[in-house]
Amino acid sequence: MPRLTLPKDELVSKGHSGCAGCGATLLARLCLKALGPKTIINSPACCWSVVQGVWPRAALKVPVIDHAFECTGAVSSGIRAALDAKGIDDVIVVGWAGDGGTVDIGLQALSGAVDRRTDFIYIMYDNEAYMNTGIQCSGCTPLYAWTNTTPGGKNQEWKQVAKKPIMEMLISNGIAYGATVSIAYPEDLVTKVKKAKTIRGTKFIHALSSCPPGWKIPSSKSVEVARLATQTGIFPLYEYENGAYVLNKDVKTKPVEEYLMSQGRFKHLTPAMIAEVQRRVDEDYAALKAKCKGAGASG
Ligand SMILES: Cc1ncc(C[n+]2csc(CCOP(=O)(O)OP(=O)(O)O)c2C)c(N)n1
Ligand SMILES: [Mg+2]
């Protein structure tokens, strides 16, 4: 077994109110190991505005600013401007938002920040629905997934990409660095967040974050299901920088059915629906590989 190199420091303390097995909470622990204590986080309405708790009993050991749903890009820009005005250049500004608060409600402010090249890291934890308010469909909910507002499954067969292609949207908008990360591949995750710290401009991290109540999985399966997302090619791990893509883990070895059937939110899928998801994933993965150089790292 190779030696793990994860930093030991914990900046998420006990007593947070995340659900058992919350992927986003594990994600926060891992990201903060990479970010370190000189970090200011800002968050819109989302599970995480509740999970961290309310000052003075907040679970994060770094400063946090809570704000309205649509503001992450704007608040991040404001914090950066304030730090610049004080001549402070060794503090990392992080916008930490859910998928709904990013691809739907916060998109305008985020796009503005990218356009201004605001120097900050935007981390979107993607649990694929508006979870905090009771599992409503978002622009990141995948094809056919059950949510409370898509009781028969999200049906967007009319478009090739049912999830909004947020990485592509932001690349075309001008981000300096983009990366997908997963709680199932912590070393890859920490490496990418550390790299993002060294790059000037807007950095975007897309993190798949399993959600036991929303995905209808046992809390003990959170990491396993996240790993299946990468092993089936549904959530490939890649980076974007200066016009170039790199596939970090070329580990697509399993049929999508294994991932889909591990979760209650996909239990109603017919064989034809599973075949349709497989067809789309195969096409998207081939297109990504064609864009990537340096593929072939083993997982
Ligand atoms: C303007 C506005 N509309 C709706 C809400 C209610 N609300 C709070 S959190 C939330 C869900 C956020 O979803 P997402 O961004 O995906 O984060 P998650 O809850 O999944 O962590 C909603 C709809 C709100 N706080 N403000
Ligand atoms: Mg969400």
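Residues 1 to 299 in the working numbering are what the sequence shown lists, from first letter to last.
Using N, Cα and C, we set each Cβ at its ideal position, and we do this for glycine too.
Here the structure is a predicted model, which is why all the values come from computation and not from measurement.
- Annotated as proximal: LEU247 and LEU288, with beta-carbon spacing under 8 angstroms.
- The continuous beta strand (DSSP E) containing TYR125 extends over residues 120–126.
- With distances taken between CA atoms, GLY134 lies nearest to THR150 out of MET169, THR150, LEU35.
- Beta bridge pairing from DSSP links SER77 with no other residue.
- In this structure, DSSP gives GLY100 a helical state, which the three-state scheme calls helix.
- Here HIS268 is exposed: its Cβ has fewer than 16 other Cβ atoms, across all protein chains shown, within 10 Å.
- Here LYS159 is not near TYR144, since their CB atoms are 8 angstroms or more apart.
- Going by beta carbons, LEU228 and GLU258 fall inside the 8 angstroms limit.
- Nearest Cα to GLY106 within the set TYR245, SER138, LEU260: SER138.
- Taking a cut-off of 8 angstroms for Cβ pairs, the region 97–112 and the region 31–46 touch, as three or more such pairs fall below it.
- Remark: the shortest separation between the CB of TYR122 and any heavy atom of ligand 2 does not fall under 7 angstroms.
- By the CB criterion at 8 angstroms, GLY178 and TYR125 fall outside the cutoff.
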